[in-house]
Amino acid sequence: CKVVSGFSCSVCNVPGYGHQLRIDVLYRAVHRKDILSTITSILEHEAMLQAVTRHTAEGRLATMGLDSDRGSVASSGLDAMTIDSAAEWSRRCDNSIILALHNRRMYRVKCVRFDMSPNSTFPYKDKKSGKVNHISFVDFMRRWYNLVVMNTDQPLLECYSERKGEQVFMVPEFCALTGLTEEMRKDRLLMQEVLQLSRCTVDERMNACVDIVRRLRGETEERDKRAAEGARKVSRALKDWKCTVSDKPIEVQGRMMDPVEVSFGMKRYTVEDGNFQRWTRNGAQCPVNLVNWILIFPESDIGLVDMWLRSMKELAAQGFATHIAEPERLVCTNQLTELRPLLLEKVKVDTQLVMLFTPVKDCKRVYQLFKQVCTVERPCITQVVRSETMRKRTSIVAIVTRIIMQISAKFLGPLWHIDLHTSLTPMMNEPCMLVGIDTAVAKETRRAVLGFVCSLDSASSQYFSKAVPLESDQFDVSAMSSDRGDQRYSEHSQTISAPPNGSTPSTSSNKERRAANVARAIKECMKEALLYFGDSNEGILPTRVVVYRASVSMNDMKEVGALEVKAVQEAFSETSAAEWDDDATIARPSLYCPRLTYILCTQNVQARFFLPVESQSSPQTSSSNASGKSTSSSGHFHGLRNPVSGTVIDTSITGIGAVTGGTYNFYLVNQHVSRGSASPTHYTVAYDDTGYPVEAIQTLTYKLAFLYYNFPGGIRLPAPAQYAKKLAHLMGTAVFQAPHPRLKETLFYL
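Put into structure tokens, the structure is as follows:
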């Protein structure tokens, strides 16, 4: 693949400050092969593997003295290949961002249209005569782009259009996929090259944005004739509109929160750089002892098992005060066919953990099969380790330490604690339930899943988790994953279009049904979560509920917030004393109405904040960059830094701060970034009737970013929201069913 650069821009009007132009530079990995060539080579490889498998199966039958129906085998293989071909097309293309090679523009694929081909026709309006004629895609590409379609049997890609009432179709032969595949991510050298090209420094990012503005103002010379003509048109348009664009970024005031103090038993450390990896081997707060567990591995890894187990036992005992007993060892070489019956036979009710060593080949399908069986049919905690990971002897200590930490987190055995009961977080001094909600949609199956996670104790270390499959026919991948995908590549230029099908439901009606479906699921999850909270706290219900709703796009905040807040309040009103055990330690009113704070989290935002040179020791940041003292005589910036972990920006000049309706929002940088540019997370408090100050919500949000037990440091989301994100992703991409109830009080999805 190759890395191409681009930029995104948007214009917003900030009351009291006027219009603002928001610009950011983007980098995208583009495949060197076109989509048709890429998928054809994959299918040919799969066909070869199936042929070898079929030949081996026939040989085994012949060895056993049995006859095989070759015609039946071939026919079933052909049918399987036809189904696999369509599935591969959909898996690779649906919701993917593609680059059209003939016009160099980005599109997001809605679906693969197997009912259409380049020979299909569409109505085309001639601009000169005004007549509407039907033209095939083959003729259109030849007439307008001088391109010849070599394969007329390929399907077409339907892409999202920004214009209402039209459809956009692309020919795969003239498009290339973007992004990194699993195969590419396994290539270490390729990943290093991609990261080196795409991970620009703070100064480089800022100077690139300034250069873009200067191009808009016509102050730079363009090498390309087409780019020069476009720059002149933009410059003339700005003059006609009497509009000027400043090439200096806006300076804003920020605040730095007090550093977080992390407790490891009796030892306490102050986190200054957003990471406390070096202190994790101080012993677990609640050690998890593995007594009854299973280790499954292929025959090729037999020689590595003893070394691996010895390292695990020694590191667990010395660094985490955890005892790991000898497991039941099971050899499983052909994991695609032998793993399921083996798990059904060997996994018992008292099995604590099943660890699987799997080779790289068929790793994804084995992973899905393994998670499905151990999440739905034989519920237990699981851990998957790739065989190639075991062979990295130079980093074996770091790898084993990481796995031990992850296993401990899955069993809700926290390695550290953070004091949430301070004067800065008054809501935690009462019974308070912290909730994380997220949704995910699988690209291959379009199955949507809601992940719901809530805390059950005052330290936010014990959790209740529930995943709810949503009605897949109401969901499209783009709508549900708007915060995961890069919205900045959603521009769709005018291209081949056709009138919409009259039977297709409107986007707004689908959107309303999706939102209502999610709200219903949240309501049912909240009612069950309150039951679990009461059971875990001697019948005491939370008097404060703080909800972090992740993956909400900026455009949907108002509708999503109103609908889901109403659903949560209905769950409160339907929770009465009649549903609870009479042995509760305190009396409960018949009407249950706790205080609610509902916060919408958005990770994919355009805003960037950089720290100028003279402000490196003061609580001040700037939007997009720094003051003039950080610039050189040529107008370029130098010596800029990322804001430190705990930086809050909530001034009105950025378009945030207090707004009408009692809601407010802010940017928060939780994580420490040593390379590249820090991406802030945007939080919108859609509803809050607690009466607590804004600083209390911001402090709680910042501290929760350090309570994600799968990483010893600050992350971009609060821990409950990150747990919900992981839960929804696993269930939507691997399991596809609701998990077994026995796993509700574990973090099995990490």
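Heads up, the sequence shown stops at 750 in UniProt numbering, and the numbers go up one at a time, no gaps.
Heads up, the beta-carbon is just placed ideally off N, CA and C, and yes, glycines get one too.
The alpha helix (DSSP H) spanning residue i covers which residue range?
i: residue 211; result: 202 to 216
i: residue 250; result: Looking at the DSSP string, residue 250 is not in any alpha helix (DSSP H), and its letter there is neither H nor E.
i: residue 715; result: Looking at the DSSP string, residue 715 is not in any alpha helix (DSSP H), and its letter there is neither H nor E.
i: residue 701; result: 694 to 704
i: residue 569; result: 557 to 573
i: residue 319; result: 302 to 320
i: residue 139; result: 137 to 145
Could you check what DSSP says for residue i in three-state terms: helix, strand or coil?
i: residue 591; result: coil
i: residue 729; result: helix
i: residue 78; result: Here the model assigns residue 78 a pLDDT of 35, short of 50, so the residue's position is not dependable, and the following value carries that caveat. DSSP places residue 78 in helix when its eight states are reduced to three.
i: residue 228; result: helix
i: residue 552; result: coil
i: residue 269; result: strand
i: residue 753; result: Outside the shown range of the chain (1 to 750) lies residue 753, about which nothing can therefore be said.
i: residue 125; result: strand
i: residue 18; result: strand
i: residue 606; result: coil
i: residue 533; result: helix
i: residue 30; result: strand
i: residue 404; result: helix
i: residue 724; result: helix
i: residue 774; result: Residue numbering for the chain in the displayed model covers 1 to 750; residue 774 lies beyond these limits and cannot be assessed.
i: residue 197; result: helix
i: residue 517; result: helix
i: residue 256; result: strand
i: residue 275; result: strand
Please report the residue range of the beta strand (DSSP E) in which residue i lies.
i: residue 3; result: 2 to 14
i: residue 261; result: 260 to 264
i: residue 638; result: No beta strand (DSSP E) holds residue 638; DSSP gives it neither H nor E.
i: residue 436; result: 432 to 441
i: residue 173; result: Segment: none, residue 173 is in no beta strand (DSSP E) and carries neither H nor E.
i: residue 158; result: 156 to 159
i: residue 664; result: 664 to 669
i: residue 105; result: 105 to 113
i: residue 94; result: From DSSP, residue 94 is part of no beta strand (DSSP E); its letter is neither H nor E.
i: residue 684; result: 681 to 688
i: residue 296; result: 293 to 297
i: residue 450; result: 448 to 455
i: residue 648; result: 647 to 649
Starting from the Cα of residue i, find the closest Cα among the options and give me that residue.
i: residue 92; options: 427, 218, 145 and 34; result: 34
i: residue 39; options: 12, 5, 87 and 9; result: 87
i: residue 344; options: 367, 365, 372 and 322; result: 372
i: residue 381; options: 298, 292 and 422; result: 292
i: residue 415; options: 276, 236 and 458; result: 276
i: residue 740; options: 231, 379, 748 and 600; result: 379
i: residue 538; options: 131, 456, 24 and 208; result: 456
i: residue 691; options: 94, 527, 544 and 264; result: 544
i: residue 709; options: 672, 518, 696 and 461; result: 461
i: residue 157; options: 450, 552, 130 and 114; result: 114
i: residue 527; options: 555, 560, 465 and 556; result: 465
i: residue 193; options: 314, 205 and 3; result: 3
i: residue 154; options: 596, 141, 168 and 112; result: 112
i: residue 278; options: 217, 453 and 711; result: 711
i: residue 341; options: 369, 314 and 328; result: 369
Within a Cβ cutoff of 7 Å, which residues of the same chain sit near residue i, ignoring the five residues on either side of it in sequence?
i: residue 542; result: 431, 432, 433, 533 and 594
i: residue 666; result: 648, 649, 650, 656, 683 and 698
i: residue 270; result: 259 and 261
i: residue 751; result: Here the chain covers residues 1 to 750 and nothing more, so residue 751 does not appear.
i: residue 212; result: 7 and 23
Give every residue of the same chain whose Cβ lies closer than 8 Å to the Cβ of residue i, excluding the five residues on either side of it in the sequence, and list them in chain order.
i: residue 119; result: 136, 137, 138 and 152
i: residue 737; result: 372, 375, 376, 469 and 731
i: residue 268; result: 261 and 262
Within a Cβ cutoff of 6 Å, which residues of the same chain sit near residue i, ignoring the five residues on either side of it in sequence?
i: residue 316; result: 322, 324 and 404
i: residue 569; result: none
i: residue 385; result: 357
i: residue 548; result: 436, 599, 601, 718, 720 and 721
i: residue 273; result: 672
Does the distance between the C-beta of residue i and the nearest non-hydrogen atom of the ligand FAD fall short of 6 Å?
i: residue 348; result: Looking for the ligand FAD in the displayed structure turns up nothing, as the structure carries no ligands at all.
Inside the segment 322 to 402 only - alpha helix (DSSP H) runs reaching at least 4 residues: Listed in chain order, the complete alpha helix (DSSP H) runs (minimum 4 residues) inside the segment 322 to 402 are 335 to 346, 363 to 372 and 387 to 390.
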